[in-house]
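Visitor: Protein chains in written order, with our numbering: chain S, 1 to 359; chain L, 1001 to 1359; chain E, 2001 to 2359; chain C, 3001 to 3359.
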């Protein structure tokens, strides 16, 4: 179980260590809201509207998802990625059933135990390669099936793109989907950065998720230009049967829902989601290329979307972090993560590389 | 346990029954975001900022609460009223301990069981008078203390202003605070509409909440002009010890926290929270006065803040609801609730009363 | 919510107040294990046996229940009444769904919040008459159905015989069963003292529970001569689908299951369950008759099984309790509960009444 | 995460595969109740006794634990090992805090997710050597401390003796105890087979558990001659503050507690717990010696208490299991577990070895 450290923040003091930040590779959620999304919020801010999702923006946004998935889906807006994942999974399992996920999965390492707390279910963690779960690991996880002393695997969750910035191919997803069905499991995708994967693979969400047998997707918008908004998308609509109640009970029903929905409408308008992702992915590619040229630095993972992983000498990394924060991923290995976003510019990369070289 | 019905919405169909709404008395959350709050969001939307609350807006907003409460408090932003209540209460109790609240309390009737689900605790409901809990009811709730077969009351929760639109006086709050301390209980206030109460009583939050012995407050902004934002305010700061983790585990940590914080800064800027509340309260008062003059209509509860309760002949009510939706509170008694907000105008009242009289 | 006090025990000190007890009307669980049950345990105690319920005693006991219910049922043994109730209910609902039960129901008042804690579900409590829920109360509990802000009633639970010692007639049960079906609810019976009811009504469990549409029963043995043993009996066998796992996860799987099963076999052998109940019921009847003749004492509830409720002058009651403990049911009303068991003898009643008269 | 298979039982059919069992090495819980324990139950079965633990047997048993631990402890009886573990751990942590345990720990692999379900907490599993957790694994588990995205380790749990039949030395326990304190963690011991460890180490429980800094112990009796009974022993008595309520809410309060307590009194009478353990350990030792002499068979783990692990050719193992059931521990490695109990006799070993040799 990898546990990353963010040297920038000291939660115990509720203060940030450094206030000299120029720009950030810390996470794509340090970027601002895209201007087109802000405009959509302004536009939605007229007069009274029914609350709790019975407004015209929400109806329109729900329809839009059918279009984007080229399939009849049931979609629900929640407040963040943690809840999108937990509520997606809740729809798939009972508490004695288990979630099978990568040892590096966000739900396993980075949600302060939210899935276990809310679902009462165990996560069975399987080994990964650069973040991707493997079929033999999944097979091992099924050994206890049918024995009452063991939790019963009932949903497989993968992250697209992975916590290591890699992207599952359609074939890889389809193979896991087939395995899931053959083993009586539902299939969930944590798509906190789904836009970046779609852009990287250059395929439709229908190809990537519907045809491969995915049941439910946590579709993230916050990391790709929204203010706040994650969507739980049920491709398998039967699973959505109780979701209205489940969302409310899970403390995730927003009263002024129109402001979540309006963001999603802007997200899909003129493919903003893809153009935002394109910028982030391109900047990561550039950053990887430039970093790779620096002596003492080594790219450690394939750069397939908007994350770059690299070994950087510790002393240099810690100096750089003051102005250009990024994560220490693995302290012992001196492995760092640098994340690009829709707001990352060529000039940021140039300035960062120059600063690195100057050390 | 009162269970209200909203005839306007049909959850099972995820559609609103009527689309002829002119303006709404349904809830104060059908109002838009106040323009000054939108401006603050625009202003906060510049460049990168640390996520998860380590940004300058959040630091500033946290400080602002100390000023507003005229006391050192610990404050945390969450996404909605349900979570503000549940997480406030979590800080006060263990699962075998009980929450004592009014039979009409929102946490008891209107949160789809979120407190029981997330806390594992029972709510011991006591009778009320126009929404207000009474000391003899609290005494009865303490009978089982010390006996392992019974849940153990450990926190008393009141709603200010109440679900019936009434407002506890400072003396009433202080008496409950004293009772709580004498019985080894913490004291929580569900302040989804706290602004309206503060304005109605014309006293400071320090007078109302700090001096009366309240430990923790759910302070609501969404119903009074914010887009989305509720604050958990610990007056008893010891209770906040684990809150950073508890918020994350409860799926309530917003990554782009600056956009919650910026709203709160705008809320308190030039006392927007009070001027918004003043408008809502004044409109409710006008509405009550005008409704009271209509034959066949009877005001059923004291109008002390921004809610008006009235008996209206069923046929008339149902016709009015098409253009001016409001809640049916008690179907058998023909009692309806009409809610005013910062966005309610004199002209709305006039048009509504005219429409009613014309029936 | 009635909360009874047991003056005999001081949990905080983990000591009993009085040690002069001659015999007890406190509860039927203060009686010893019936000798025939002890013999069965001795008999089962030979050599090795497979654990976790795969032994011959368990197989035999499971079959026996089919006979007793004259119907194919799925039966599982658990450790006590609390778990029998909680696990029965778990099989019927999801957390956002609610349990509808009497305000006097044991699951509502006397299980330290176990249902809320384990199920995450709310109990919607309805008024009762001498412990019996009424159809109009059930109707009111259904008002919030279909609205996502309210918990969704999905199972109705009654206690047979009730906490007030009264016994539902077959017609009363059938009417509630019909109501449950008509309202999309399952139907649970808490049968902690089911034997006493069966004996009192002089009908088969098939007549009482199968034909009336009950889905699942918590069948108690501990209060009627067993050492420890409660059975969850699924008349609706579909609900048992996940029960093996659910029992284990709920910390209720006994490894040496044969010792639970052997007790149940003895329970049904030569109708021990009914003869034990007959003695308890007869003694309660005698006690009620004799108490009724005492000046200052008034029987407050119909004596239909093995419980007697009476107003007794407080001073007398408290003196009597020293040697013959019984419960104070309602302190303000001076109402006391006296419970008879299979071990209660004519001489006990005589001695008790004599002692009372001598005060 | 190892998941063992018991080929003897088919849970889905609720039947045992084989009924030709002569005697069992499957688990020590397939042994019967020791005759002295049965006698104690008979003796306790006289007349009325207060329920829920306020009887004289329970008081005596509680005192006895102080003697056995040579320390003032708080002890509570529960129904099985799963609940003893879960409730011990509950006393140590809040839901956002984590339990650190071996990847082979029973709480991690064999309790159908009971800890996650009931506590809402995550188990952080660390590597082991023959079942024993190592200090470097514990250190790695602490990396996320202080970061709100990660669960917060707050209790370390070890199993004595381990799931691999090995026994921690006093020094090993003390070192983990010191680590726990240094890292702000409580220290729990799952002692389902604690008697066997005490006998093997030939030291007092005070030396093994009190002096080494253990806070709370799940002390198992069922596997060593009791019918049903596990004790939660708080060496750190402060942790027991809420336990009476916590036991009741966790569905673990036995009404006829005297029958649990009487077993424990018999357990300690004339050191029955140690003589039973001595027999089990001796038989395992003999079995290991004899198995080690058999061609094709290899002992795979140190035999330090009452478990023997061995590689046995699959064909032979599966034939032997029909009459002498034992567990397949690791299917791929052909590793099997054979468990001895107080009821295992020399003749059993001889017959088993002869049968093996005859194949």
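C-beta atoms are modelled at their ideal positions from N, C-alpha and C, and glycine is treated no differently.
The structure displayed is predicted, hence computed values, not measured ones.
Identify the contact partners of residue 3030/C in chain E, using a Cβ-Cβ distance below 8 Å as the criterion.
Guide: Residue 3030/C sits at position 30 when you count from the first residue of the fourth chain. Residues of chain E passing the Cβ test: 2048, 2049, 2050 and 2051.
Visitor: Compare the C-alpha of residue 290/S against each of 128/S, 353/S and 117/S and name the closest.
Guide: Stepping through the first chain from its first residue, residue 290/S is reached at position 290. Of the candidates 128/S, 353/S and 117/S, the one whose C-alpha sits nearest the C-alpha of residue 290/S is 353/S.
Visitor: Please compile the residues from chain C whose C-beta is within a distance smaller than 8 Å of the C-beta of residue 86/S.
Guide: Translated into positions along the first chain, residue 86/S becomes position 86. Near residue 86/S there are no residues of chain C at all, since even the closest Cβ is about 12 Å away, more than 8 Å.
Visitor: Identify which residue in 2318/E, 2246/E, 2296/E and 2146/E has its Cα closest to the Cα of residue 97/S.
Guide: By one-based count along the first chain, residue 97/S stands at place 97. Among 2318/E, 2246/E, 2296/E and 2146/E, the Cα nearest to that of residue 97/S is on 2246/E.
Visitor: Measure the C-alpha to C-alpha separation of residue 2200/E and residue 2305/E and round it to an integer number of angstroms.
Guide: Position 200 of the third chain, counting from 1, holds the residue named residue 2200/E. Position 305 of the third chain, counting from 1, holds the residue named residue 2305/E. Going by the C-alpha atoms only, they are around 6 Å apart.
Visitor: Out of 2359/E, 2103/E, 2131/E and 2340/E, state which residue places its alpha-carbon closest to the alpha-carbon of residue 2284/E.
Guide: Within the third chain, numbered from 1, the residue matching residue 2284/E stands at position 284. Taking only the C-alpha atoms, the option nearest residue 2284/E is 2340/E.
Visitor: Measure how close the beta-carbons of residue 141/S and residue 126/S come, nearest whole angstrom, since I'm counting them as under 8 Å.
Guide: The residue given as residue 141/S occupies position 141 in the first chain. The residue given as residue 126/S occupies position 126 in the first chain. Residue 141/S to residue 126/S, Cβ: 5 Å. Contact.
Visitor: Out of 3090/C, 3149/C, 3083/C and 3137/C, state which residue places its alpha-carbon closest to the alpha-carbon of residue 107/S.
Guide: Along the first chain, one-based indexing puts residue 107/S at 107. The candidate whose alpha carbon is nearest that of residue 107/S is 3149/C.
Visitor: Decide yes or no for the touch test of the segment 3225-3235 of chain C against the segment 3064-3081 of chain C: beta carbon pairs closer than 8 Å, at least 3 of them.
Guide: Enough Cβ pairs lie closer than 8 Å, so yes.
Visitor: Less than 7 Å between the beta carbons of residue 2090/E and residue 2266/E, yes or no?
Guide: As a working mapping, residue 2090/E is identified with position 90 in the third chain. As a working mapping, residue 2266/E is identified with position 266 in the third chain. No; because the gap between Cβ atoms is not below 7 Å, this pair is not in contact.
Visitor: How many angstroms separate the CA atom of residue 3172/C from the CA atom of residue 3158/C?
Guide: One-based indexing of the fourth chain puts residue 3172/C at position 172. One-based indexing of the fourth chain puts residue 3158/C at position 158. Between residue 3172/C and residue 3158/C, the C-alpha separation is close to 11 Å.
Visitor: Please name the residue, chosen from 2216/E, 2053/E, 2206/E and 2034/E, that lies closest to residue 2084/E on a Cα-to-Cα basis.
Guide: Along the third chain, one-based indexing puts residue 2084/E at 84. Nearest C-alpha to residue 2084/E: 2216/E.
Visitor: Would you please verify whether the beta carbon of residue 2120/E is less than 7 Å from any beta carbon of chain L?
Guide: The sequence position of residue 2120/E within the third chain is 120, counting from 1. So yes, residue 2120/E belongs to the interface.
Visitor: From this set, 314/S, 93/S, 65/S and 303/S, which residue's C-alpha is nearest residue 296/S's C-alpha?
Guide: Mapped onto the first chain, residue 296/S falls at position 296. Comparing Cα positions, the closest option is 314/S.
Visitor: How would you list, in chain order, the residues of chain L whose beta-carbon sits under 7 Å from the beta-carbon of residue 3248/C?
Guide: As a working mapping, residue 3248/C is identified with position 248 in the fourth chain. Ordered by position in chain L, the residues that pass the 7 Å Cβ test against residue 3248/C are 1148 and 1149.
Visitor: Over what stretch of residues does the alpha helix (DSSP H) that includes residue 2082/E continue unbroken?
Guide: As a first step, residue 2082/E is located in the third chain; it is residue number 82 there, counting from the start. 2081-2090 is the extent of the alpha helix (DSSP H) around residue 2082/E.
Visitor: Do the segment 264-281 of chain S and the segment 32-46 of chain S touch if we need at least three Cβ pairs shorter than 8 Å?
Guide: The segment 264-281 of chain S vs the segment 32-46 of chain S: in contact.
Visitor: Between residue 1334/L and the ligand PLP, is there a pair consisting of the residue's CB and a ligand heavy atom that are separated by less than 6 Å?
Guide: With respect to the ligand PLP, the structure shown offers nothing to examine, as it has no ligands at all.
Visitor: Under 8 Å between beta-carbons, which chain A residues line up against residue 1023/L? List them in chain order, please.
Guide: This model lacks chain A altogether, as its protein chains are S, L, E and C.
Visitor: Pick from 2104/E, 2180/E and 2224/E: whose alpha carbon is nearest that of residue 2166/E?
Guide: Position 166 of the third chain, counted from the first residue, corresponds to residue 2166/E. Taking only the C-alpha atoms, the option nearest residue 2166/E is 2104/E.
Visitor: For residue 336/S and residue 146/S, what's the separation of their Cα atoms in angstroms?
Guide: By 1-based counting over the first chain, the position of residue 336/S is 336. By 1-based counting over the first chain, the position of residue 146/S is 146. In a straight line, the C-alpha of residue 336/S is about 42 Å away from that of residue 146/S.
Visitor: Apart from the five residues on each side of it in sequence, which residues of its chain come closer than 8 Å, Cβ to Cβ, to residue 93/S?
Guide: Numbered from 1 along the first chain, position 93 holds the residue referred to as residue 93/S. Closer than 8 Å at the Cβ level, and outside the excluded window around residue 93/S, lie 99, 119, 121, 154, 155 and 186.
Visitor: Any idea what DSSP makes of residue 1210/L, helix, strand or coil?
Guide: In the second chain, the residue the question calls residue 1210/L occupies position 210. The answer is helix: DSSP assigns residue 1210/L an H, G or I state.
Visitor: Which chain E residues are close to residue 1307/L, counting only those with a beta carbon under 7 Å from its beta carbon?
Guide: Translated into the one-based positions of the second chain, residue 1307/L becomes position 307. Going along chain E, no residue has its Cβ under 7 Å from residue 1307/L, so there is no contact; the nearest lies around 17 Å.
Visitor: So, residue 3202/C versus residue 3070/C, is the Cβ gap smaller than 7 Å?
Guide: In the fourth chain, counting from the first residue as 1, residue 3202/C sits at position 202. In the fourth chain, counting from the first residue as 1, residue 3070/C sits at position 70. Cβ atoms of residue 3202/C and residue 3070/C: not closer than 7 Å.
Visitor: Taking Cβ-Cβ distances below 8 Å as the criterion, which residues of the segment 340-359 of chain S are in contact with chain L?
Guide: Listed by position, the residues of the segment 340-359 of chain S near chain L (Cβ gap below 8 Å) are 343.
Visitor: Any Cβ of chain C within less than 7 Å of the Cβ of residue 1244/L?
Guide: The residue given as residue 1244/L occupies position 244 in the second chain. Closer than 7 Å to some Cβ of chain C, the Cβ of residue 1244/L qualifies, so yes.
Visitor: Tell me which residues of the segment 168-199 of chain S have at least one Cβ-Cβ distance to chain C shorter than 9 Å, keeping chain order.
Guide: Result list empty, no residue passes.
Visitor: Give a yes or no on whether the minimum CB-CB distance between residue 1297/L and chain S is below 7 Å.
Guide: Here residue 1297/L is taken as the residue at index 297 of the second chain, counted from 1. Chain S, which has no Cβ nearer than 7 Å to the Cβ of residue 1297/L, makes this no.
Visitor: Whose CA, out of 1074/L, 1026/L and 1275/L, lies closest to the CA of residue 1060/L?
Guide: As a first step, residue 1060/L must be located in the second chain, where it is residue number 60. Here the closest residue by C-alpha is 1074/L.
Visitor: Within its chain, find whatever has a CB closer than 7 Å to the CB of residue 2343/E; leave out the 5 residues flanking it on each side and keep chain order.
Guide: Residue 2343/E sits at position 343 when you count from the first residue of the third chain. Cβ neighbours of residue 2343/E beyond the five flanking positions: 2031 and 2032.
Visitor: Take residue 253/S and list the residues in its own chain whose beta-carbon comes closer than 7 Å to its own, dropping the five residues that flank it on each side.
Guide: Here residue 253/S refers to the residue found at position 253 of the first chain. Result list for residue 253/S: 52 and 247, in chain order.
Visitor: Using three-state DSSP, classify residue 1056/L as helix, strand or coil.
Guide: Looking up residue 1056/L in the second chain gives position 56. Reduced to three states, the DSSP call for residue 1056/L is helix.
Visitor: Check the Cβ of residue 94/S against every Cβ in chain E and list those closer than 7 Å, keeping chain order.
Guide: Translated into positions along the first chain, residue 94/S becomes position 94. Neighbours of residue 94/S on chain E, chain order: 2242.
Visitor: In the DSSP assignment, what residue or residues form a beta bridge with residue 3074/C?
Guide: Taking the first residue of the fourth chain as position 1, residue 3074/C is located at position 74. Residue 3074/C is bridged to 3234/C.
Visitor: Between residue 2350/E and residue 3278/C, what straight-line distance do the alpha-carbon atoms span, to the nearest angstrom?
Guide: Within the third chain, residue 2350/E is the residue found at index 350, counting from 1. Within the fourth chain, residue 3278/C is the residue found at index 278, counting from 1. The alpha-carbon atoms of residue 2350/E and residue 3278/C are separated by roughly 53 Å.
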